[in-house]
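> In order, the protein sequences belong to chains A and B. Residues 12 to 372 (my numbering) make up the first sequence, in order. Residues 140 to 783 (my numbering) make up the second sequence, in order. By construction, the Cβ of each residue, glycine as well, lies at the ideal position given by its N, Cα and C atoms.
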Amino acid sequence: MPAPQASRASKAPQSQKSPSSSSAAPAAPPTVKPTDFASDQDVRWCPGCGDYAILNQMRKVLAAMGARREKTVFVSGIGCSSRFPYYMNTYGFHSIHGRAPAVATGVKLANPELDVWIVTGDGDGLSIGGNHLLHFLRRNVGAKVLLFNNRIYGLTKGQYSPTSEEGKKTKSSPMGSLELPLTPLSFALSAEASFAARAVDVDRNLGDVLQQAAEHRGSAFVEIYQDCNVFNHKAFDYATDKNARLENVLYLEHGKPLIFGAESEKGIRLNGARKPEVVSLKDGYKEDDLLFHDQTDESLAFLLSRLSHEQGFPEPMGVFYRMADDCYEQLLEKEIEQAITTRGRGDLQSLFSEANTYEIR
Amino acid sequence: MPERKEKINTQQLRSAVVRFAGDSGDGMQLAGTQFTDTSAVVGNDVATLPDYPAEIRAPAGTVAGVSGFQINFAAADIHTPGDEVDALVAMNPAAFKAHIDDVRARGIVIVNEDEFTKVNLRKAGYSDGYTPLDDERYTQRYKITPVPMTRLNSEALADSGLGNKEIGRCRNMYALGLIYWLFDRPLETTIGYIQDYFGSRKKLPQVAEANIGALKAGYFFGETAELFPVRFHIDRAPVEPGRYRKLTGNEAIAMGAITAATLSGKRLVYCSYPITPASDILHYLAGLRHHGVRTFQAEDEIAAVCAAIGAAFAGQLGVTGTSGPGLALKSEAINLAVMTELPLVVVNVQRGGPSTGLPTKTEQSDLLQAMFGRNGDSPVVLLAPRSPGDCFDSMIEACRIAMQHMVPVVLLSDGYLANGAEPWRIPDAEAIEPIEVVHPSNGDRFLPYQRDENFVRPWAVPGTPGFEHRIGGIEKQHLTGNVSYDDDNHQRMTELRLKKVEKVADAIPDLEPVGAPSGELLVVGWGGTYGAILTAVERAHEAGKSVGFIHLRHLNPMPRNLNQILRRYRKVLVPELNTGQLRLLLRARFLIDARGLNKIQGKPFLVEELQQAIDLMLSGGWGDHEWLAPYHHQVAVPSESQKS
Ligand code: SF4
């Protein structure tokens, strides 16, 4: 557990794992414009949908990173968010409901060189596809997951989703949903995600989060609060409203104290019962009393993922957790190389004869 | 090899069927496999039928826990593991009870009499005070030879330095040694196996010694005990010269997949979830990383097929393997491959259904599931191998069709083929035809759904500049592949997908009937029943009966001349290990009055059952029944309601 006083010194930025060397070197001069990533298809989301902002940020980030269109693959499932690949002028696969992580795994197994992005939603990724997402993260397949969380089923016209709040009245829950919502980041961290982050569709830090995800070596999980302005408008008002926003979200910075508020006057500390609480720096608390963010600390990341607006906490944005580790497909390639080194490259004739053989004359 | 006592006569046989049966922990599968290897090495033709319980360790000593392994070995060409058992080895009362009825009259039954204790007899379900070894019904019908194997084995290994339990585990080798003596087989192959497995690989030289000791002790016992007045010898079969190995269907599919990948210059990405009886394909391929094989044990059946589709999208050979219940789970994803027109190979090793059904038993009841079990009009190519060795060729063909025609192909193997083994002449790798696969890499305007003369769309691969495109499960617009909800386009695309599959028939060779080229009766088979049907039809034909036989490897599309052949005979019989799935297709498609012999007992056909059915069809004794079934060696009406 992070103890604010004890370990602060060691939380200096040098302990941060530097972003792994990525195929898309950020230093390279951008050779493409965001519009180069736009396909010839008309974007068909509802006017005002949060998906537009995410699409624009994605195109910008890829352009800024100098990503190669032919090496980039978007894989999605089913739902509004899953139309995303049609609007990117890269390779794209709009697959079936919930299965994008499995399809993407196959893409990476076949060609580890490709930069693969998975676009999913709260229903697609956490309901029908929960099992795939879980195992995809656990394996650390080197693809990036963008989970557009709008806390509702949009494409099927407004049923409660696995992230809808308890008591939510929808067409399929006229008396209010009986189900506790899932917290996507808690799920991802429990599934051993090696990178977990959160951003808001219309927030400028989305681009930064996307870039950090792109640069992460293993599987990256990014939850994006997304406004479905038809079926669940203003679900994240508290996180986007000009006036309220700064009171309700907290931008995570590695090695920095957890501070938020319009005047950066509030922070989060662990109280005597080792529970998080909001304190005001105006009430005599100092920065040193606060929790410091450490992207390498899983327990802290989980604790941060539990902070919710409903319980009076600001919701953290940015990178919660990051652990550089070998990706699944790279490990598999290594195994193959190793097998070839020890056994020699297999050829068909010896394959056929790898058993008790005998000659009949 | 010990000197042979000359007073024991050796009788020449053309073929024999041996079955080893014991508790699932008794090592019967190993004994059977070793007997098969040895018989193959001496040049016999062999066919095997392993039979094991679904539970890993069903309660010891019970009938449910009995594991068996049957081998037919011959000095002639054979196609089945044999109808009746000539020699049964029963390691305990439960094994005796479970298998005795399959032994032919005057057949040899060797029992481990030490295990016929009160307790074991009760576990096998025999009433107190009764032992079948004293029952005249058995002693008069069979040559029952009780051997105190437990005791003799322990005595032989008294100085082995092993504990009682480990000594007990060598009993299967003792029994095998005795059978080796009875059928005049050499011990070298098995000794070599034991030395390699226990000695070199497991580093247990003492255990290796003990197993070899038990094997030899069993052999010498046969030699000296004079239990049998004759021993038997089966000459090598007149098979084509060459280098051979023994091959099971699952091994053959795995090798076929690697071969197809190599021939097409692709990486094999094999994605699967553990399921009986298909798991061995995954195990086998996982051990072949040095061939560049990427295996992926997915979290479920759906993920497995989706990963294979992802691999295909990325330009490699994506294969998934499963069995019936798994095929059901994969349906939706197979349709994604239908819609996106990607190459996908689905290996379905059929087992008894429905639901969990009979996981370790064979059946052919997934034909209609594979053909139709998806939403929408969803044509796929269906192939079925006919023998363990043919699994190799069929798998290569499945991969070739998938990649060259951009279509999902389902290969319908079954539990019998998967675990059964036969001698396989090792092919010359250089002589296998390469698989040509084209990926577009230049051209002006790329249209992902522009088709060639076979209605096949281009396979453009991520990583290729200028060919970026998007595909998915929503209906595609002709040529562009864009999302389209247009009514005419949907009609057109549905027809194109169908035509594309039908076009595969261009490369399917015409069928040539075995036996009578036209006449009274045509028998139509598919899949793993080939050997039994062929044997039955050959016998009928040799006896002068007007019977022909065709076997369908290509179930969708079917060979072009099938219709014409069906009309050359007055009657058509379709034997299947289901209630008539191919029969339904043939009736619907060709408007013929096909009749069925349908066995749903988790076991392959006996030749005798097919012969009876053929005779009934020829004699008019069949009546107007749409189908009949074999019950305890008697073909009969399933129920009155089946009259057509
Ligand atoms: S339904 Fe909601 S999520 Fe879907 S496109 Fe419209 S606004 Fe966006």
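Looking at A/ASP62 and the ligand SF4, is the gap between the Cβ and the nearest heavy atom below 7 Å?
True, at least one ligand heavy atom lies under 7 Å from that Cβ.
> Taking CB distances under 8 Å as the criterion, tell me whether A/ASN240 reaches chain B.
No, because no Cβ of chain B sits closer than 8 Å to the Cβ of A/ASN240.
> Could you work out which residues of chain A lie near B/LYS341, taking near to mean beta carbons separated by less than 7 Å?
Those within 7 Å of B/LYS341 in chain A number zero; the least Cβ separation is about 18 Å.
> How far does the alpha helix (DSSP H) with A/TYR296 in it reach, from first residue to last?
Premise fails: A/TYR296 is in no alpha helix (DSSP H) and is neither H nor E.
> If the cut is a Cβ gap below 7 Å, which residues of chain B does A/GLN360 touch?
Ordered by position in chain B, the residues that pass the 7 Å Cβ test against A/GLN360 are ALA568.
> Rounded to whole angstroms, what's the CA-CA distance from B/PRO652 to B/ALA675? Just pull it up for me.
If you take the alpha carbons of B/PRO652 and B/ALA675, they lie about 14 Å apart.
> Which residues bound the alpha helix (DSSP H) around B/HIS544?
Start and end: 529-544.
> With A/TYR236 as the anchor, note down where its beta strand (DSSP E) starts and where it stops.
Taken as a continuous stretch (DSSP letters only), the beta strand (DSSP E) holding A/TYR236 covers 231-236.
> Which partner residues does A/GLN170 have in the DSSP bridge list?
A/GLN170 is bridged to A/TYR164.
> Give the residues of chain B in contact with A/GLY117, contact being defined as C-beta atoms less than 8 Å apart.
The contacting residues are VAL408, CYS410, PHE435, CYS445, ALA446, ALA447, ILE448, GLY449, ALA450, ALA451, PHE452, ALA453, GLY457.
> What separation, rounded to the nearest whole angstrom, lies between the Cα atoms of B/LYS738 and B/THR177?
So the alpha carbons of these two residues sit roughly 32 Å apart.
> Residue range of the beta strand (DSSP E) that B/ASP422 falls in?
In the sequence as presented, Asp is not what sits at residue 422 of chain B; that position holds His. That residue, B/HIS422, is in no beta strand (DSSP E); its alpha helix (DSSP H) goes 418-425.
> Based on DSSP bridge pairs, tell me the residues matched to A/PRO268.
Looking at the DSSP assignment, A/PRO268 forms a beta bridge with A/PHE303.
> Quick one, which of B/THR603, B/ALA447, B/LYS385, B/THR278 has its alpha-carbon nearest B/GLY246's?
It is B/THR278 whose Cα lies nearest to the Cα of B/GLY246.
> Report all residues from its chain with a CB closer than 8 Å to the CB of B/PRO777; omit the five preceding and five following residues, and keep chain order.
So the list reads ASN737, TRP766, LEU767, ALA768, once near-sequence residues are dropped.
> Please state the DSSP three-state secondary structure of A/THR46.
Of the three classes helix, strand and coil, the one that applies to A/THR46 here is helix, per DSSP.
> Buried or exposed: where does B/MET697 fall if 16 or more other Cβ atoms within 10 Å of its Cβ makes it buried?
Buried: at least 16 other Cβ atoms inside 10 Å.
> What does A/ILE107 touch in chain B if you count any residue whose Cβ is under 7 Å from its own?
What A/ILE107 touches in chain B: GLU471, ALA472, LEU475, GLY612.
> When you measure from the CB of A/PHE95 to every non-hydrogen atom of the ligand SF4, does any distance come out below 7 Å?
Outside the cutoff, so no.
> Pull up the CB-CB distance for B/GLU607 and A/TYR63, whole angstroms please, since I reckon it's below 8 Å.
Wrong, their Cβ atoms sit about 21 Å apart, outside the cutoff.
> Output the distance between the C-alpha atoms of B/GLY404 and B/LEU427, rounded to the nearest integer angstrom.
Distance between the alpha carbons of B/GLY404 and B/LEU427: 17 Å.
> Identify every residue that forms a DSSP beta bridge with B/LEU152.
DSSP lists B/ILE373 as partners of B/LEU152.
> What residues from the region 177-191 of chain B come within 8 Å of chain A, judged by C-beta to C-beta, listed N to C?
Those would be ALA179, VAL180, GLY182, in chain order.
> Rounding to the nearest angstrom, what Cα-Cα distance links B/ALA443 and B/ALA437 in this structure?
Going by the C-alpha atoms only, they are around 5 Å apart.
> Could you give the distance in angstroms between the alpha-carbon of A/ASN240 and the alpha-carbon of B/THR434?
Those two C-alpha atoms are separated by around 43 Å.
> Residues of chain A with a CB under 9 Å from the CB of B/TYR383: which are they?
Within 9 Å Cβ-Cβ: THR368, TYR369, GLU370, ILE371.
> Please tell me whether B/PRO573 has its Cβ less than 8 Å away from any Cβ of chain A.
No, because no Cβ of chain A sits closer than 8 Å to the Cβ of B/PRO573.
> State yes or no: is the C-beta of A/SER349 within less than 8 Å of the C-beta of A/PRO123?
The displayed chain sequence assigns Gln, not Ser, to residue 349 of chain A. No, Cβ-Cβ distance for A/GLN349 and A/PRO123 is not below 8 Å.
> Looking at the strands, I want to know which residues DSSP matches up with B/GLU715.
Answer by DSSP bridge pairing, in chain order: B/ASN737.
> Let me know if A/ALA113 comes out buried or exposed under the rule of 16 or more other beta-carbons within 10 Å of its beta-carbon.
The residue in question, A/ALA113, is buried, as its Cβ has 16 or more Cβ neighbours within 10 Å.
> So which residues on chain B does A/PHE363 lean against when the C-beta distance must stay under 8 Å?
In chain order: ARG384, MET394, ILE565, PRO566, ALA568.
> Using the C-alpha atoms, what's the distance from B/GLY664 back to B/GLY221?
If I take the Cα positions, the gap works out to 18 Å.
> Mind checking A/ASN259: buried by the 16 CB within 10 Å criterion, or exposed?
Answer is buried; the Cβ neighbour count reaches 16.
> List the endpoints of the continuous alpha helix (DSSP H) containing A/ALA64.
Element bounds for A/ALA64: 62-76.
> Measuring from the CB of A/PHE242, is there a heavy atom of the ligand SF4 at a distance below 7 Å?
True, at least one ligand heavy atom lies under 7 Å from that Cβ.
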